[in-house]
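Trainee: Read the sequence shown against the working numbering and you will find it ends at 429, with the numbers running on by one and no gaps. Note that beta-carbon positions come from the ideal geometry of N, C-alpha and C, so glycine has one too.
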Amino acid sequence: MPVRDLTDSDQNQAVLDVASALAEGREVAGRADSQDPAVAAEASAAARSRRRLSEVTGPVHLTVVWAMYGETGRMVPRAEHPHGEDFVRTKVRQLDWLTGGLPGVTWSIIACDDGCPARPSSADLMTDIAAAEGYPREGHRSVTVLRLADVIESDVSISPAFGRLVSTDQSRKGGSILAALATAVAAGPARVSGAGRHVVCYTDADLSANLAQLGSLAAPVVAGDKVAGALGQRYGIDGAVLVRADGPVTEPHSTGDKPDKIIILFRHFVRALLIPSLAHVLDTQAGFKGFDSAALGPAIGQMESFNETFDVELLIHLAQRYGPQALAVEPIVFTEDFAATNFPSVEPGPRHLAMVQQVIELYDRLVAPIAPVSGEAADLLALLRTAGLDDYVTLIKHLRAEDRDDPTLFDRRWPVRHLRDILGR
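(1) Mind checking which residues open and close the alpha helix (DSSP H) that includes His284?
(2) According to the neighbour-count rule (16 or more other Cβ atoms, all chains shown, within 10 Å of its Cβ), is Ile336 buried or exposed?
(3) Tell me whether Val170 is buried or exposed, calling it buried when 16 or more other Cβ atoms sit within 10 Å of its Cβ.
(4) If you draw a straight line from the C-alpha of Ala23 to the C-alpha of Thr131, how long is it?
(5) To the nearest angstrom, how far is it from the Cα of Ala263 to the Cα of Gly240?
(6) Using 9 Å as the threshold, is the C-beta distance between Leu67 and Ala191 below it?
(7) Which residue wins for smallest C-alpha separation from Phe338, given the options Gln237, Asp154, Ile374 and Leu269?
(8) Where DSSP assigns a beta bridge to Gly291, which residues make up the other side?
(9) Here's the rule: buried if 16 or more other CB atoms are within 10 angstroms of the residue's CB, otherwise exposed. What is His257?
(10) Using 8 Å as the Cβ pair cut-off and three pairs as the minimum, do the segment 242 to 256 and the segment 69 to 84 touch?
(11) For the segment 224 to 277, list the alpha helix (DSSP H) runs that are entirely contained and at least 4 residues long, ordered along the chain.
(12) One question on the structure: do Lys401 and Pro354 come within less than 9 Å of each other, judged by their Cβ atoms?
(13) At the level of alpha carbons, what is the spacing between Ser146 and Thr390?
(14) Output the distance between the C-alpha atoms of Met359 and Arg369, rounded to the nearest integer angstrom.
(15) Is there contact here, the segment 297 to 315 with the segment 149 to 163, by at least three beta-carbon pairs under 8 Å?
(16) Could you tell me the alpha carbon to alpha carbon distance between Thr313 and Arg30, rounded to whole angstroms?
(17) Rounded to a whole number of angstroms, what is the C-alpha to C-alpha distance between Ala344 and His87?
(18) Buried or exposed: which applies to Glu157, given that a residue is buried once 16 or more other Cβ atoms fall within 10 Å of its Cβ?
(19) Do Leu322 and Ala330 come within 9 Å of each other at the CB atom, strictly closer than that value?
(20) Using alpha carbons as the reference points, say which of Val69, Leu129 and Thr288 lies closest to Leu215.
(21) Can you give me the Cβ contacts of Arg271 inside the same chain, cut-off strictly under 8 Å, excluding the 5 residues immediately before and after it?
(22) With DSSP run on the structure shown, which of helix, strand or coil describes Pro335?
(23) Figure out for me which residue from Thr148, Thr103 and Val333 has the closest Cα to the Cα of Pro224.
(24) With 16 other CB atoms within 10 Å as the buried threshold, where does Gly167 fall?
(25) Give the straight-line distance between the Cα atoms of Ala71 and Ala50, rounded to the nearest whole angstrom.
(26) Using only the alpha-carbon positions, how far apart do Gly294 and Leu218 sit?
(27) Would you call the CB atoms of Arg151 and Phe273 closer than 9 Å?
(28) In whole angstroms, what separates the C-alpha of Val226 from that of Asp128?
(29) Could you please give me the residues that DSSP links to Thr207 through a beta bridge?
(30) Given a cut-off of 9 Å on the beta-carbon distance, is the pair Ile279 and Val371 in contact?
(31) Can you tell which of Ile133, Thr103, Leu286 and Thr148 has the C-alpha that lies nearest to the C-alpha of Thr76?
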């Protein structure tokens, strides 16, 4: 069993209990839970989040969205499924804990079924849970369930590319996230009664990122008009904690000890050179991001990607519209949850290469017309354009072999001449 077991309801509650004590300045040293490093790290992050949210001024509404596909197992308690996290009820408790006693802060949830094939589907099961728990359908503490198929068939205008979707098979999660984000943005003024700020967050369906940390994303967005989005970072920056099966780690171990370390660093190397405005965002794929609703709306209308790197396109639009400095990075505590995951491989393969190719496609479409790369970046681009799967696998395996515990992480840059030599070019 992992040190931090997301299927353990007692442990999930212990995080909030310890966080309450920390937020109130009470002694927790005697509690057994506080001696668990994973629980303590998550509780500390939640307490910090609560303090930051309590310091913001004016009404704030938080909308949390996520996509669902094949989530019926994790949606129920562990007694009903071995991977059961009871995540709907648990996320509600996390948001209630975060906002309780803060009269100016309200919240809502919007989940979107991406065409889940299970019967009952993820949407059906979550609808039943929401009804059984008596969650409101609108306003504060409301829980809404969308079906992407219904959104596609409707006349709702999200973006021109979204309007061309004819099936959930074309979505790859991104379509569901965008549908939920657009619904949140459209409903924003009504939810906050036309006053205050509206922060829209998207996360994953599981419990890897405790929503009690949402205050740390909302605070920099609400603090002024300069931050359009706050991006949770699982690794790479001070304060980020990655909880593995054997316990929490920070850098250099968070990334340095990963079996897919070179895959991650190589992808960042490509992204940083081709899309410089996002070079400071080390963890673009983390499923915990918060955005100013007013800033988010125009970016959603430009979206064309629905694949694994839809996050990157969204960030490019925001950086181009508001400047790279409008994207703040915030450390979070994140628990790795590989049970029932849809992307478990740590070996270089087609999906990893596809993510690199998607970065190139985004560069071609969004960056090149404005600021085409030159020099070393242009040489890298030329090399990658002709690299097939065998070339990519060869590169990653060779770079792994020569790594020899090199302590350089996200600052790593490989000379293109060296990459050519590896491939015999």
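Mentor: Walking through what the data contain:
(1) His284 -> no alpha helix (DSSP H), and no H or E assigned at all.
(2) buried
(3) exposed
(4) Whole-angstrom Cα-Cα distance: 30 Å.
(5) Position check: residue 263 holds Pro in this sequence, whereas Ala was assumed. In a straight line, the C-alpha of Pro263 is about 16 Å away from that of Gly240.
(6) Looking at the sequence provided, one finds Thr at residue 67 rather than Leu. Yes.
(7) Gln237
(8) For Gly291, which the question treats as bridged, DSSP gives no partner whatsoever.
(9) exposed
(10) no
(11) Within the segment 224 to 277, the complete alpha helix (DSSP H) runs of at least 4 residues are 257 to 260.
(12) no
(13) Computed Cα separation, rounded: 50 Å.
(14) 15 Å
(15) yes
(16) Going by the C-alpha atoms only, they are around 43 Å apart.
(17) In this prediction, Ala344 scores a pLDDT of 48, lower than 50, which makes its location untrustworthy; the coordinate-derived value is nonetheless stated afterwards. Whole-angstrom Cα-Cα distance: 7 Å.
(18) Answer is exposed; the Cβ neighbour count stays below 16.
(19) Cβ distance < 9 Å, so Ala330 and Leu322 count as in contact.
(20) Val69
(21) His356, Met359, Val360 and Val363
(22) strand
(23) Val333
(24) exposed
(25) 23 Å
(26) 8 Å
(27) no
(28) 35 Å
(29) Phe292
(30) yes
(31) Ile133
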